[in-house]
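Undergrad: Residue 104 in my numbering sits at position 103 of the sequence shown, and the numbers go up by one each step.
Note that beta-carbon positions come from the ideal geometry of N, C-alpha and C, so glycine has one too.
All values reported here derive from a predicted model rather than from experimental measurement.
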Amino acid sequence: MDEWPQWRHGPDRNPVSKDLLVEVPERIQWLSFQGKQGKEMVTAGGRTYSLNEGLLRVRDAFNGLPLWSVKMRDKCRPAATAQGVLVSLDGKLTYLDGRTGQPLATFAE
């Protein structure tokens, strides 16, 4: 199973997944009625991170259950890792824990 940690898949901007498990869809796993998604949605570590109208929502990628959310004032695209997500909070790059949403590290500059 492949992850989609950044917009356009990865740093090489090649929007082609390396997933070998997924085949032609035959059913819908779960729906998320959060409005516009695309550039602001990434996935890694079994979680989806979607930014919509200033709210970063995190869901379990397999069953769609909401895990946590955080209000964001800064406009940025999230970047995900297996352990968490990088976002801009209050003008600082912040690494949030993917399980809890708690800050793991903050980078001032």
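Of all the options Asp-20, Gly-92 and Leu-21, which has the alpha carbon lying nearest to the alpha carbon of Lys-76?
TA: As a position in the sequence shown, residue 76 is number 75, starting the count at 1. Out of Asp-20, Gly-92 and Leu-21, Gly-92 has the C-alpha closest to the C-alpha of Lys-76.
Undergrad: For Gly-46 versus Gln-84, is the C-beta distance shorter than 8 Å?
TA: Sequence index remark: in the sequence shown, residue 46 carries index 45 (1-based). Sequence index remark: in the sequence shown, residue 84 carries index 83 (1-based). Result yes, Cβ atoms of Gly-46 and Gln-84 sit closer than 8 Å.
Undergrad: Determine whether the beta carbon atoms of Met-73 and Leu-94 lie at a separation below 8 Å.
TA: Against the sequence shown, residue 73 aligns to sequence position 72. Against the sequence shown, residue 94 aligns to sequence position 93. Not in contact: Met-73 and Leu-94 (Cβ atoms no closer than 8 Å).
Undergrad: When DSSP builds the beta bridges, which residues end up paired with Phe-108?
TA: Taking the first residue of the sequence shown as 1, we reach residue 108 at position 107. Leu-94, per the DSSP bridge assignment.
Undergrad: Thinking just about the alpha-carbon of each residue, which of Tyr-50, Glu-54 and Gly-55 is nearest to the one in Asp-61?
TA: Position 60 of the sequence shown, counting from 1, holds the residue named residue 61. When each option's Cα is compared against that of Asp-61, the closest is Tyr-50.
Undergrad: Start and end of the beta strand (DSSP E) containing Trp-69?
TA: Position 68 of the sequence shown, counted from the first residue, corresponds to residue 69. Trp-69 -> beta strand (DSSP E) spans 67 to 72.
Undergrad: Can you check which of these residues, Leu-90, Pro-16 and Thr-107, is closest to Val-43 by C-alpha distance?
TA: Here residue 43 refers to the residue found at position 42 when the sequence shown is read from its first residue. That would be Pro-16, whose Cα lies nearest to the Cα of Val-43.
Undergrad: Determine the burial state of Gly-65: buried for a count of at least 16 other Cβ atoms within 10 Å of its Cβ, exposed for fewer.
TA: Walking along the sequence shown from the start, residue 65 turns up at place 64. Exposed, by the Cβ-count rule.
Undergrad: So who's on the other strand from Gly-46, going by DSSP bridges?
TA: Translated into positions along the sequence shown, residue 46 becomes position 45. Answer is none; Gly-46 lacks a bridge partner.
Undergrad: Is the distance from the Cβ of Glu-41 to the Cβ of Arg-78 below 8 Å?
TA: Stepping through the sequence shown from its first residue, residue 41 is reached at position 40. Stepping through the sequence shown from its first residue, residue 78 is reached at position 77. Yes; because the gap between Cβ atoms is below 8 Å, this pair is in contact.
Undergrad: For Val-17, report the span of its beta strand (DSSP E) as first-last.
TA: In the sequence shown, counting from the first residue as 1, residue 17 sits at position 16. No beta strand (DSSP E) holds Val-17; DSSP gives it neither H nor E.
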